[in-house]
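J.: Order-wise, the sequence lines are chains L and E. Just so you know, we're using the numbering used here here: the first sequence kicks off at 341 and counts up by one. Just so you know, we're using the numbering used here here: the second sequence kicks off at 9 and counts up by one. The structure's right below; bear with me while I get my questions together.
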Amino acid sequence: MTTPIAIRLSHISKKYEIHHEKPTLVEKFVRGKNETFWALQDINLTIKRGERVGIIGPNGSGKTTLLKIIAGITEATAGTTQTRGKIVSLIDLGAGFHPDLTGVQNIYLNGMILGLKKQYIDRQFDDIVSFADIRQFIDTPLFTYSDGMKLRLGFAIAIHADPKILILDENIGVGDNDFQIKSERKIRELVRGGVTVLIVSQIVPFLAHNCSRILFMKSGRIVRDGELDILKQYQQGRI
Amino acid sequence: MKQRDVYHFWELLWEMTEKELRARYKHTVFGFLWLVANPLLQMMVIGFIFTFLMKEPVKHYYYYLFLGLLVWNFFSTSLLKATPSVVFERSLIKKAFFPRAVIPTSIVLSSFVHFIIAFMLLLIPTYFLHTFSAVTIPYTLCALVLLITFTTTLSLLTCALNVRFRDINFFTQALLILWFYATPIVYSFNQIPRNLLWVWRFNPLTSVLQLLQHALLGAPAPGPAMLISNSLVILCIALVGIRTFQSESKTFDDWL
C-alpha cells in the first residue's frame with residue numbers, strides 16, 4: 341500500500357519585485373519595469389503524509405518563501421501547488437490578535453482565521469484555555485496580557501486547530517520551561533498521530549532529533565534531498 | 009469555491025464585523041452617540057449657513073441634510089477605513105491563508121450596521137412629516153442595495169491597489185473632499201447646472217440619495233437615464249473591484 345501524498349509542488353518558481361523604497365504610483369509609471377529577483381526556481385517536491393521534513397540552508401535561500409507558498413500565504417509566480425489537509429503554521433504565533441478584544445473573543449477570531457468553524461471552537465474552547473493556562477484572564481482585553489501569555493494562547497489555538505500539516509521554525513521555544521515541555525510533548529503527540537511536519541531551522545541537532553528527511557536549499561533551489569547524513573555534510577561544510 | 013468555503017467566508021466575515029463593531033467605540037464615554045452626534049453637528053452648521061445662501065429653498069431642509077450626511081458619512085468612513093485595512097492587518101495576512109476580502113468587507117459592513125441604526129432613528133420624524141409611506145419602501149431598499157454594493161466593491165478596489173501603491177490612500181482622501189460637492193447632499197438635484205449633468209451621471213451616489221430623498225422626504229425621484237447610468241457605473245466598479253481584489257490578494261504578502 342502506498343502512503344497518500346500530503347504536498348506536491350511541481351515547477352514552482354517565485355519572483356519578487358525589489359522595491360528599495362515604499363512603492364508609489366509615480367515610481368511605477370516613471371521607471372516602468374521594476375527590478376526583479378527569483379526567490380525560488382523550478383522547485384519540484386513531493387511529501388508523503390506523516391513525513392517529518394527538515395529544511396536547511398543559508399539565509400536567503402528561499403526556505404521561508406517555500407513555506408509561505410505551501411501554506412497558501414502567497415502564490416507562486418509559476419508552477420502548481422497541491423496540498424491535502426489543513427495547514428497550520430506555528431511561525432507567527434503572536435499575530436492575529438486584537439488588543440482591545442478579550443481573550444475569549446480573540447480565541448474565536450484567531451481560530452476562524454486559521455479556518456476553524458465556530459462550533460468546532462466551541463468544543464475545543466476549554467482545552468485551548470487550559471492548555472494556554474490563562475483561565476483567570478480570559479475575560480480581560482488582550483493588551484493586558486504579557487508577551488508570554490499571548491504566545492501561549494497562539495500556540496494553544498494553533499495546536500487545537502486539528503492540523504494535518506504542521507509548519508514549524510526553530511524558535512519554537514514558547515513560554516517558560518514547563519510550557520516548553522508541554523508544547524514539545526503536544527507536537528510529538530501530533531506527529532505520532534500521522535501529521536506531516538515541515539521544519540525550517542539552522543539548528544542541526546534540532547533537525548536531527550525531529551526529522552526523517554532533510555532538504556538542503558541554496559539560491560532558490562533544492563540542492564540535496566535525502567537522509568539525515570545531509571546534516572553531517574552541511575556541518576562539515578561539504579555542501 | 010466549495011459550499012463549505014462559502015459558509016466559512018460568511019462566518020468569518022460576521023466574526024470580523026463583530027470585532028469591528030466592538031472595537032470602534034471601545035473606551036469612549038459616549039460610545040454609539042458619536043455616530044449620531046457627528047452628522048447632527050454637521051447638519052446644524054451647514055443648515056444654518058445654507059439657508060441664507062440658497063436661492064430656492066429645499067423642502068424639510070434640515071432632514072434633507074441629515075439624510076444626505078448619514079449616507080455620505082457611511083460612504084466616506086467606509087472607504088477611508090477600508091482602503092488601508094489590509095496594510096494595517098498585515099499580521100493576519102502573514103499568519104494564514106483565508107479569504108482576504110473579509111478584511112475590507114467587514115469594515116464596510118460594520119459601518120453599515122451603524123448607518124442602519126441611525127437611519128432608523130431618522131424614520132421617526134419622517135413619519136410625523138407625513139412624507140414617508142409604505143409605498144416608497146421599494147425605493148429605500150433599492151437605494152440601500154445600490155449603496156452597499158457600490159461602497160463594498162469600490163473599497164475592494166482601492167484596498168487591493170493600496171497594498172502595492174500606497175498613494176491610493178491619499179488619493180482617496182483627496183477624492184472624497186471633491187466627491188462631497190459632486191453629490192446632492194447640501195443642495196437639491198434641480199439646482200445642478202444642466203450642462204454639467206454628466207458629472208452626476210458618473211456619480212452613483214446621486215441615484216442613491218435621490219431615491220432616499222424621494223422615499224423619505226417626498227423629493228422628486230431620479231429619472232430613468234440617471235438611474236441607468238448610475239447603475240452601469242456601479243456594475244463596472246463591481247466587476248473591476250472584485251476581479252482586481254481576487255488577482256491581487258494572492259500576492260498581498262509580497263508587498264507587506
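Glycine included, C-beta positions come from ideal geometry on N, C-alpha and C. Please read all numbers here as calculations on a predicted model, not as lab measurements.
From the DSSP output, in three-state form, read off T480(L) for me.
T.: The residue labelled residue 480(L) in the question sits at position 140 within the first sequence. T480(L) falls in the coil class under three-state DSSP.
J.: Which chain E residues sit within Cβ distance under 8 Å of K458(L)?
T.: Here the question's residue 458(L) lines up with position 118 in the first sequence. Correct list: E19 and E23.
J.: Which residues of chain E have a Cβ atom closer than 8 Å to the Cβ of K408(L), listed in chain order?
T.: Indexing the first sequence from 1 puts residue 408(L) at position 68. Correct list: D261.
J.: Does any residue of chain E have a CB that is nearer than 7 Å to the CB of G577(L)?
T.: Looking up residue 577(L) in the first sequence gives position 237. By this cut-off, G577(L) is not an interface position.
J.: Considering Cα atoms alone, identify which of N450(L), A418(L), P545(L) and T420(L) is closest to S429(L).
T.: Walking along the first sequence from the start, residue 429(L) turns up at place 89. Measuring from the Cα of S429(L), the nearest candidate turns out to be N450(L).
J.: Which chain L residues sit within Cβ distance under 8 Å of A31(E)?
T.: Translated into positions along the second sequence, residue 31(E) becomes position 23. Chain L residues near A31(E): H438, D440 and L441.
J.: Taking only three categories from DSSP, how would you classify K67(E)?
T.: The count along the second sequence starts at 1 and reaches residue 67(E) at position 59. Three-state result, K67(E): coil.
J.: DSSP three-state label for Q11(E), please.
T.: The count along the second sequence starts at 1 and reaches residue 11(E) at position 3. Helix at Q11(E).
J.: Are the beta-carbon atoms belonging to C167(E) and S114(E) less than 7 Å from one another?
T.: Here residue 167(E) is taken as the residue at index 159 of the second sequence, counted from 1. Here residue 114(E) is taken as the residue at index 106 of the second sequence, counted from 1. Cβ atoms of C167(E) and S114(E): not closer than 7 Å.
J.: Quick check on DSSP: helix, strand or coil for E28(E)?
T.: By one-based count along the second sequence, residue 28(E) stands at place 20. Helix at E28(E).
J.: By DSSP, does A90(E) sit in helix, in strand, or in coil?
T.: As a position in the second sequence, residue 90(E) is number 82, starting the count at 1. A90(E) falls in the helix class under three-state DSSP.
J.: In chain order, which alpha helix (DSSP H) runs of at least 4 residues are fully inside the stretch 435-487 of chain L?
T.: The qualifying runs are 443-453 and 458-472.
J.: Quick one: give me the first and last residue of the beta strand (DSSP E) that K294(L) is part of.
T.: Outside the shown range of chain L, which is 341 to 579, sits residue 294(L), and nothing can be said about it.
J.: How far does the alpha helix (DSSP H) with S114(E) in it reach, from first residue to last?
T.: The residue you call residue 114(E) lines up with position 106 of the second sequence. Note, S114(E): alpha helix (DSSP H), V110 to L137.
J.: Between which two residues does the beta strand (DSSP E) harbouring R251(E) extend?
T.: By one-based count along the second sequence, residue 251(E) stands at place 243. That residue, R251(E), is in no beta strand (DSSP E); its alpha helix (DSSP H) goes P232 to S257.
J.: Span of the beta strand (DSSP E) holding A379(L)?
T.: Looking up residue 379(L) in the first sequence gives position 39. Here the beta strand (DSSP E) through A379(L) covers E375 to K388.
J.: Nearest to T386(L) by alpha carbon, out of G494(L), I345(L) and K457(L)?
T.: Here residue 386(L) refers to the residue found at position 46 when the first sequence is read from its first residue. Residue I345(L) is the option with its Cα nearest to T386(L).
J.: Can you give me, in chain order, the residues of the stretch 233-258 of chain E that have a beta carbon less than 8 Å from any beta carbon in chain L?
T.: Those would be K258, in chain order.
J.: Could you pull out every residue in the same chain whose Cβ sits closer than 8 Å to the Cβ of L154(E), ignoring the five residues on either side in sequence?
T.: Residue mapping note: residue 154(E) aligns to position 146 of the second sequence, counting from 1. Excluding residues within five positions, the ones whose Cβ falls inside 8 Å are P212, S215, V216, L219, N238, S239 and I242.
J.: Determine the DSSP secondary structure at R392(L), reduced to helix, strand or coil.
T.: On the first sequence, residue 392(L) is found 52 positions in, with the first residue counted as 1. Looking at R392(L) - three-state DSSP - the assignment turns out to be strand.
J.: Taking D516(L) as the reference, which of H500(L), D509(L) and G488(L) has the closest Cα?
T.: Walking along the first sequence from the start, residue 516(L) turns up at place 176. Checking every option, the nearest Cα to that of D516(L) belongs to G488(L).
J.: Could you work out which residue in K522(L), R463(L), I396(L) and Y356(L) is closest to A501(L) when comparing CA atoms only?
T.: Numbered from 1 along the first sequence, position 161 holds the residue referred to as residue 501(L). Checked all of K522(L), R463(L), I396(L) and Y356(L); the closest Cα to A501(L) is R463(L).
J.: Note down, in chain order, each residue of its chain lying with its Cβ closer than 8 Å to the Cβ of I145(E), except the 5 sequence neighbours on either side.
T.: For the purposes of this step, residue 145(E) is taken as the residue at position 137 of the second sequence. Around I145(E): A223.
J.: Quick one: residues in its chain with C-beta nearer than 7 Å to the C-beta of R578(L), no 5 flanking neighbours on either side, listed in chain order?
T.: By 1-based counting over the first sequence, the position of residue 578(L) is 238. Excluding positions up to five away in sequence, the list is empty.
J.: With a 10 Å radius around its C-beta and 16 neighbouring C-beta atoms as the bar for buried, classify I132(E) as buried or exposed.
T.: For the purposes of this step, residue 132(E) is identified with residue 124 of the second sequence, where counting begins at 1. Classification of I132(E): exposed, given that the 10 Å Cβ count is below 16.
J.: Closer than 7 Å, CB to CB, is L224(E) near chain L or not?
T.: For the purposes of this step, residue 224(E) is identified with residue 216 of the second sequence, where counting begins at 1. No - not a single Cβ of chain L is within 7 Å of the one on L224(E).
J.: Is the Cβ-Cβ distance between L43(E) and A104(E) less than 7 Å?
T.: If you number the second sequence from 1, residue 43(E) lands on position 35. If you number the second sequence from 1, residue 104(E) lands on position 96. Cβ distance not < 7 Å, so L43(E) and A104(E) don't count as in contact.
J.: Mapping DSSP to helix, strand and coil, what is D262(E)?
T.: To locate residue 262(E), count along the second sequence from 1; it is residue 254. If DSSP states are grouped into helix, strand and coil, D262(E) belongs with the helices.
J.: In chain E, which residues lie less than 7 Å from M452(L) when you measure between Cβ atoms?
T.: Position 112 of the first sequence, counting from 1, holds the residue named residue 452(L). Going along chain E in sequence order, the residues near M452(L) (Cβ under 7 Å) are E19, L20 and E23.
J.: Quick check on V194(E): does DSSP put it in helix, strand or coil?
T.: Position 186 of the second sequence, counted from the first residue, corresponds to residue 194(E). V194(E): coil per DSSP, three-state reduction.
J.: Does the structure place the stretch 442-458 of chain L close enough to the stretch 97-112 of chain E that three or more beta carbon pairs sit under 8 Å?
T.: In short, these stretches touch, since the Cβ pair count reaches three.
J.: Could you give the residue range of the beta strand (DSSP E) that holds R564(L)?
T.: Here residue 564(L) corresponds to residue number 224 of the first sequence, with the count starting at 1. Start and end: R561 to G566.
J.: Could you name the residues of chain E that T414(L) contacts, counting a contact when the two beta carbons are closer than 8 Å?
T.: As a position in the first sequence, residue 414(L) is number 74, starting the count at 1. Those within 8 Å of T414(L) in chain E are K258, T259, F260, D261 and D262.
J.: Return the residues of the stretch 92-105 of chain E that lie within a Cβ-Cβ distance of less than 8 Å from chain L, sorted by chain order.
T.: Listed in sequence order: S99, L100, I101, K102, K103, A104 and F105.
J.: Can a CB atom of chain E be found closer than 7 Å to the CB of Y485(L)?
T.: Numbered from its first residue, the first sequence carries residue 485(L) at position 145. No, Y485(L) does not count as interfacial toward chain E.
J.: May I ask you to check if the CB of R475(L) is nearer than 6 Å to at least one heavy atom of the ligand GTP?
T.: This structure lacks the ligand GTP; in fact it carries no ligand of any kind.
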